[in-house]
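Chemist: Heads up: the sequence shown begins at 97 in my numbering, then just goes up one per residue.
Ideal Cβ positions, reconstructed from N, Cα and C, are used throughout, including at glycine.
Below are the structure tokens for one structure; questions will follow.
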Amino acid sequence: MAISIGIAKKDREAVARHLSKLLADTYSLYLKTHSFHWNVTGPQFNSLHLMFETQYNALWLAADEVAERIRTLDVFAPGSYTQFAKLSSIKDEPGVPDWKEMVGQLVEGHEIVAATARDTLKAANAAGDDGTADMVTGRLQEHEKTAWMLRSLLR
Numbered sequence: 097m098a099i100s101i102g103i104a105k106k107d108r109e110a111v112a113r114h115l116s117k118l119l120a121d122t123y124s125l126y127l128k129t130h131s132f133h134w135n136v137t138g139p140q141f142n143s144l145h146l147m148f149e150t151q152y153n154a155l156w157l158a159a160d161e162v163a164e165r166i167r168t169l170d171v172f173a174p175g176s177y178t179q180f181a182k183l184s185s186i187k188d189e190p191g192v193p194d195w196k197e198m199v200g201q202l203v204e205g206h207e208i209v210a211a212t213a214r215d216t217l218k219a220a221n222a223a224g225d226d227g228t229a230d231m232v233t234g235r236l237q238e239h240e241k242t243a244w245m246l247r248s249l250l251r
């Protein structure tokens with residue numbers, strides 16, 4: 097059955113490409129945040145351990161929301177580490193940095209995802225895709241706020 101939601105197939109596919117990058121960045125940041133939750137040490141341990149847990153849970157839910165939006169546009173969502181590695185701008189952390197470096201990397205990660213969300217928002221607006229634009233605006237606000245909160249720990 098053909099999809100008929102008022103957005104042309106080529107426009108849905110273009111938006112889905114941007115959403116796929118947003119999904120890959122979100123999932124990559126989720127993995128990094130979860131790893132940092134497991135491995136954080138130092139005088140800020142308790143507060144960071146709990147903060148990182150709250151953040152990785154939010155990122156997990158966000159990734160699901162983005163993937164489901166891709167499917168709503170009738171495009172398959174990427175779902176493998178290989179696909180995410182090709183699409184993501186988030187740098188992998190192979191080691192265990194100290195807590196300040198962890199926080200700095202998460203600030204950078206949220207800023208990267210915010211930039212990806214901004215690009216996705218432009219594509220959604222160009223396609224007249226108000227549903228994606230609405231969802232991505234919320235994601236953008238969350239990443240900007242989280243980056244600010246994390247950045248405040250380093251000042």
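Nearest to Q237 by alpha carbon, out of D226, A223, A219, V209?
Modeler: Cα-wise, what sits closest to Q237 is V209.
Chemist: Terminal residues of the continuous alpha helix (DSSP H) containing A219?
Modeler: Looking at the DSSP string, the run of the alpha helix (DSSP H) that includes A219 is 195-222.
Chemist: Measuring CB to CB, does T122 end up less than 7 Å from L155?
Modeler: Yes; because the gap between Cβ atoms is below 7 Å, this pair is in contact.
Chemist: Is the distance from the Cβ of V199 to the Cβ of L249 below 7 Å?
Modeler: Taking 7 Å as the Cβ cut-off, V199 and L249 qualify as a contacting pair.
Chemist: Would you kindly report the start and end of the unbroken alpha helix (DSSP H) that includes M147?
Modeler: Where M147 is concerned, the enclosing alpha helix (DSSP H) stretches over 141-168.
Chemist: Assess, as a yes-or-no matter, whether the stretch 129-136 is touched by the stretch 146-155 under the definition of 3 or more beta carbon pairs within less than 8 Å.
Modeler: They touch, by the three-pair rule.
Chemist: Using only the alpha-carbon positions, how far apart do K105 and H133 sit?
Modeler: Approximately 41 Å, taken between the alpha carbons.
Chemist: Between which two residues does the alpha helix (DSSP H) containing D107 stretch?
Modeler: Looking at the DSSP string, the run of the alpha helix (DSSP H) that includes D107 is 105-135.
Chemist: So, using beta-carbon positions, are L115 and I166 closer together than 7 Å?
Modeler: Cβ atoms of L115 and I166: closer than 7 Å.
Chemist: What are the boundary residues of the alpha helix (DSSP H) that includes K182?
Modeler: 177-183 is the span of the alpha helix (DSSP H), which, as asked, contains K182.
Chemist: So what's S100 in DSSP terms, helix, strand or just coil?
Modeler: Coil.
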